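Undergrad: Note that numbering that gives the first Met the number 0 numbers the sequence shown so that position 279 is 278, with each residue one more than the last.
The beta-carbon is built from N, C-alpha and C at its ideal position, and this holds for glycine as well.
All of these numbers come straight from a predicted model, not from anything done at the bench.
Here it is, the structure in full.
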Amino acid sequence: MKTSLLTAAALSLALVGCGPATKVDTAKTATSVADKHAGMAMGGHDDDTHAPTMKLALSPNGPLAPGRAQGVTLTLTNIASGKPLGPSDLALAHTKRLHLLIVDGSLTDYQHIHPVVDPAKSGQWRFDFTPLLGRTYKVWADATLPDGTQEYIGAELVAGAEKAPLPSTATVMTAEKDGLKFSLSFSTPLKVGQAAQGSIAIVDTKTGKPFAALQPIMGAFGHIVAFAGNWDSIEHVHPLGEEPKSEGERSGPAINFHIQPEQSGTLKLFAQVRANGRETIVPFTANVAP
C-alpha cells in the first residue's frame, strides 16, 4: 500500500469573493502529486515538483464569522483550457469527487468537507463552512483527474482579523473523544525525508478493552491528515491493509499507516474515524528532526 504526500513549497491562489472574507496569496504555488494514498490503486505522476494544472477560486455568499455557517461557492479550473471542472472531469477518490481539507493558521480547527455541485451554475460547486475561530483558514482541495493524476490546490478564507498564534510545539500523542482513547506511536523517530510507520491504538474508555469496531468512512477505516507547522505542507494517508468492501465490515483496534515528512519541526496530525455510528476527529502533535 502507498502513502500520499504533498509538500507545498509554494501556494498560488486564484481566489475571488466578498470583500474581506477572502484572501489571495500570490507568492506561493501548490505542487501536485501522484495518488499515493494507502489503499488506493491509482497512478499518476511521481514528480512532486511539476507545475499545477488546476487553480481554485472561493467565493463566500457573505461574511464569515466564528460559529456561523456560511455558504461558499467553489470553482476549480483547468489552467490550460480555462474550463471549470465538474464531476465528470474528476475521478472518484475514496467515495468523493472532491475533498476539502481546511485548517486555521494555528492548526487547531481542522475540518474535512465535501462540496457538492451547484445545479443552478454549471462548473461550480458549493459547501457550507462554519469556522470556530475568527481568523484566516487555508483550504486544500484534493482533486484526482481521470488519468489518476492527483493535485492539492490551496486557497485561503478569512473569517476575521484575529492573528493565529503559532502552532503549539508540545508533543501530544494521546487523545480522548466520544468514549474512545487514541494513542499514537511511530516505529522510528520522525526525520525529514525518511519513511516511518505510524500506529494509532484505540481503546474503549468504558471497558478499557481494545476497540475493534471501527466502521468504514469514505471507503477506508480511517483518514490521517498531517500539516507542517509552517502551514504550507500537507500529507494525507489512509490505513494499511485491506479496505472495507461493505458497510458491515469492522476493523481495529489499531490504525497503521506510513508517513514521510518533508519538513522539520512541528507536525500536527488529525485522525478521522467512524465508530458507533459517529464520526470522530482527534488531534496529535509530533516533532520532525532535520
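Please list the terminal residues of the continuous beta strand (DSSP E) segment that includes Glu-278.
TA: By one-based count along the sequence shown, residue 278 stands at place 279. Start and end: 277 to 287.
Undergrad: Work out the CA separation of Phe-283 and Ala-169 for me, nearest whole Å.
TA: Counting from 1 along the sequence shown, the entry for residue 169 is found at position 170. Counting from 1 along the sequence shown, the entry for residue 283 is found at position 284. Each residue's alpha carbon lies about 10 Å from the other.
Undergrad: Would you mind stating whether Val-202 and Leu-179 have Cβ atoms separated by less than 8 Å?
TA: Translated into positions along the sequence shown, residue 202 becomes position 203. Translated into positions along the sequence shown, residue 179 becomes position 180. A contact, by the Cβ cut-off of 8 Å.
Undergrad: Am I right that Ser-186 and Gln-196 are in contact with their C-beta atoms under 8 Å? What's the rounded C-beta distance?
TA: Sequence index remark: in the sequence shown, residue 186 carries index 187 (1-based). Sequence index remark: in the sequence shown, residue 196 carries index 197 (1-based). Yes, Ser-186 and Gln-196 are in contact; Cβ-Cβ is about 4 Å, under 8 Å.
Undergrad: Is it buried or exposed, Glu-234, if we count other Cβ atoms within 10 angstroms and call 16 or more buried?
TA: What you label residue 234 is simply residue 235 of the sequence shown in a count that begins at 1. So Glu-234 counts as buried.
Undergrad: Note the first and the last residue of the continuous beta strand (DSSP E) segment covering Trp-139.
TA: As a working note, residue 139 is residue 140 in the sequence shown. It spans 135 to 143 - the beta strand (DSSP E) in which Trp-139 sits, taken as one unbroken run.
Undergrad: Should Leu-131 and His-113 be called a contact, given that it needs their Cβ atoms to be closer than 8 Å?
TA: Residue numbering aside, residue 131 sits at position 132 when the sequence shown is read from its first letter. Residue numbering aside, residue 113 sits at position 114 when the sequence shown is read from its first letter. Going by C-beta atoms, Leu-131 is not nearer than 8 Å to His-113.
Undergrad: What residue range does the beta strand (DSSP E) around Leu-73 cover?
TA: Reading the sequence shown from its first residue, position 74 is the one you call residue 73. Counting along the chain, the beta strand (DSSP E) containing Leu-73 begins and ends at 69 to 77.
Undergrad: Name the DSSP bridge partner or partners of Pro-65?
TA: Taking the first residue of the sequence shown as 1, we reach residue 65 at position 66. According to DSSP, which records beta bridges pairwise, Pro-65 is partnered with nothing at all.
Undergrad: For Ser-31, does the three-state DSSP call read helix, strand or coil?
TA: Taking the first residue of the sequence shown as 1, we reach residue 31 at position 32. Since pLDDT at Ser-31 reaches only 28, below the 50 mark, its modelled position is unreliable, and no value is offered.
Undergrad: Distance check for Leu-55 and Pro-145, CA to CA, integer angstroms please.
TA: As a working mapping, residue 145 is identified with position 146 in the sequence shown. As a working mapping, residue 55 is identified with position 56 in the sequence shown. Cα to Cα, Pro-145 sits roughly 18 Å from Leu-55.
Undergrad: What number of angstroms, rounded off, separates the C-alpha of Pro-166 from the C-alpha of Ala-227?
TA: Here residue 166 corresponds to residue number 167 of the sequence shown, with the count starting at 1. Here residue 227 corresponds to residue number 228 of the sequence shown, with the count starting at 1. So the alpha carbons of these two residues sit roughly 9 Å apart.
Undergrad: What does Met-53 pair with, by DSSP beta-bridge criteria?
TA: Mapped onto the sequence shown, residue 53 falls at position 54. Its beta-bridge partners are Asn-77.
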